[in-house]
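Quick notes on the structure that follows.
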Amino acid sequence: MDLIVAEDRSDLVKARGEGRVALVPTMGALHEGHRTLIREARGRADQVVVSIFVNPLQFGPNEDYSRYPRTFAADLEACREEGVSVVFAPSVQTMYHPDRQVGVSSGLMGTLVEGASRPGHFDGVLTVVLKLFNLVSPDLAAFGQKDAQQLALIRRMVADLDLPIEILGVPTVREPDGLALSSRNRYLSADDRRVALSLSGALRAGAERSTPAEVRAAARAVLDEAPPGLAVDYLVLVDPATFTEVPDSYAGEAVLAVAAKVGTTRLIDNVTVTL
Ligand code: PAF
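Letter 73 of the sequence shown, counting from 1, is numbered 85 in the working numbering, and no numbers are missing.
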């Protein structure tokens with residue numbers, strides 16, 4: 013079946029087939045991590061819709077919206093190869109009316125950790141994701157665990173707003189040396205890339221420990237030994253459902269998450285740790 017490119021709601025209505033529909037929301041610049049999301053979605057639905065939309069609402073004024081990689085022709089090819097039925101690629105004008113006023117609030121969780129460094133980011137993410145859900149009407153939507161706080165907030169939105177959509181979290185895909193795949197990795201020079209390995213190295217070191225204090229100390233030690241060029245934004249060990257720091261007495265699953273700038277590129281990564 014030929015890949016259909018839809019630009020608005022009426023195109024989506026025409027393209028909709030019978031059976032279960034899975035949505036894979038993306039901002040394009042597709043890599044193996046996105047391909048994994050698509051394959052997982054395909055195994056659970058009759059039709060996969062991939063949205064490609066660089067969402068201005070989730071970028072702060074000094075962030076990389078204008079230089080975010082845009083590789084539409086290659087993205088379409090990847091979608092064809094992965095058996096996607098529909099690519100939804102709306103324009104900014106189609107998604108956002110100039111007089112828009114109402115959006116989704118990501119609440120307290122949206123102001124913590126990544127949200128503390130990027131004010132308004134998660135409101136922008138949830139607003140676009142809710143709009144995509146309303147436009148595509150999927151039965152299921154797939155998101156990567158690499159954006160763990162985003163995934164937790166989307167699950168929260170689905171629960172709090174009673175959205176009839178199953179959310180599938182898909183494990184992070186890594187390079188053989190541990191670097192988590194990200195569309196932003198293409199900004200990294202060979203030197204930056206070596207520096208960036210401290211992030212996954214810190215998470216691996218933390219994940220080998222079993223108490224909160226040990227996990228934090230082991231991960232911090234790797235970051236402290238990182239080559240010059242790494243500016244750590246945060247290293248946190250948080251409850252996966254609330255993204256609040258876990259106390260030293262905590263037992264159960266927690267998320268060890270890190271964010272840092274390598275040169276001018278901001279990277280995030282996380283692992284789940286059992287305490
Ligand atoms: O994870 C992303 O690529 C984006 O945050 C998403 C979910 C597509 C919303 O713009």
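C-beta: ideal position from N, C-alpha, C; glycine also.
These figures come from a predicted structure and were not determined experimentally.
Rounded distance between the beta-carbons of residue j and residue i, thought under 8 Å
i: L247; j: V270; result: 5 Å
i: K143; j: G45; result: Not quite, the Cβ-Cβ distance comes to about 23 Å (not below 8 Å), so this is no contact.
i: V146; j: L215; result: It is Asn, not Val, that sits at residue 146 in the sequence shown. No, N146 and L215 are not in contact; Cβ-Cβ is about 35 Å, not under 8 Å.
i: L175; j: F134; result: Between F134 and L175 the Cβ distance is about 16 Å, and since that is not below 8 Å, they are no contact.
i: D260; j: A225; result: 6 Å
i: L124; j: T256; result: 7 Å
Where residue i sits in the DSSP three-state scheme
i: Q59; result: strand
i: Y77; result: coil
i: G122; result: helix
i: T184; result: coil
i: I166; result: helix
i: D245; result: strand
i: A171; result: helix
i: N282; result: strand
i: T38; result: strand
i: L268; result: strand
i: G115; result: coil
i: V33; result: strand
i: F155; result: strand
i: I64; result: strand
i: F71; result: coil
i: E94; result: coil
i: A18; result: strand
i: F100; result: strand
i: T276; result: coil
i: E220; result: coil
i: A192; result: strand
Same chain only: Cβ atoms within 7 Å of residue i, ignoring 5 sequence neighbours per side
i: T254; result: M121
i: A154; result: A34, V36, L49, E52, A53, L180 and V182
i: Y262; result: P224 and L287
Contact test: residue i Cβ vs the ligand PAF heavy atom, cutoff 8 Å
i: M169; result: no
i: D159; result: yes
i: F65; result: yes
i: G241; result: no
i: M39; result: yes
i: F155; result: yes
i: Q162; result: yes
Rounded straight-line distance, which links the Cα of residue j to that of residue i
i: T277; j: E30; result: 42 Å
i: D14; j: V258; result: 49 Å
i: A86; j: Y80; result: 15 Å
i: A231; j: Y199; result: 25 Å
i: I16; j: G190; result: 35 Å
i: G213; j: V96; result: 34 Å
i: L69; j: R82; result: 17 Å
i: V98; j: A41; result: 17 Å
i: S149; j: V33; result: 8 Å
i: F100; j: C91; result: 11 Å
i: E75; j: P102; result: 22 Å
i: V207; j: N197; result: 12 Å
i: V267; j: S63; result: 28 Å
i: A219; j: T286; result: 8 Å
i: P131; j: G264; result: 29 Å
i: A233; j: R167; result: 33 Å
i: Q105; j: V170; result: 26 Å
i: S117; j: E126; result: 15 Å
i: P110; j: A27; result: 27 Å
i: V114; j: F71; result: 17 Å
i: V60; j: R112; result: 29 Å
i: A217; j: T284; result: 12 Å
i: V227; j: E237; result: 16 Å
i: S222; j: S210; result: 20 Å
i: T184; j: V25; result: 32 Å
i: F84; j: D20; result: 17 Å
i: E89; j: A18; result: 15 Å
Close beta carbons around residue i, own chain, < 6 Å, minus the five adjacent residues each side
i: H43; result: L193
i: V244; result: L235 and A272
i: V47; result: In the sequence on display, residue 47 carries Arg and not Val. Result list for R47: E94, in chain order.
i: G275; result: D204
i: R186; result: A192
Proximal residues to residue i (C-beta, below 8 Å), its chain only, five neighbours per side dropped
i: S129; result: D245, Y246 and A271
i: N67; result: M39, M107, G136, V137 and V140
i: L152; result: R32, V33, A34, L35, A53, R56, A57, I177, E178, I179 and L180
Minimum Cβ-Cβ distance from residue i to chain B less than 9 Å
i: E30; result: Protein chain content of the structure displayed is limited to a single chain, and chain B is not contained in it.
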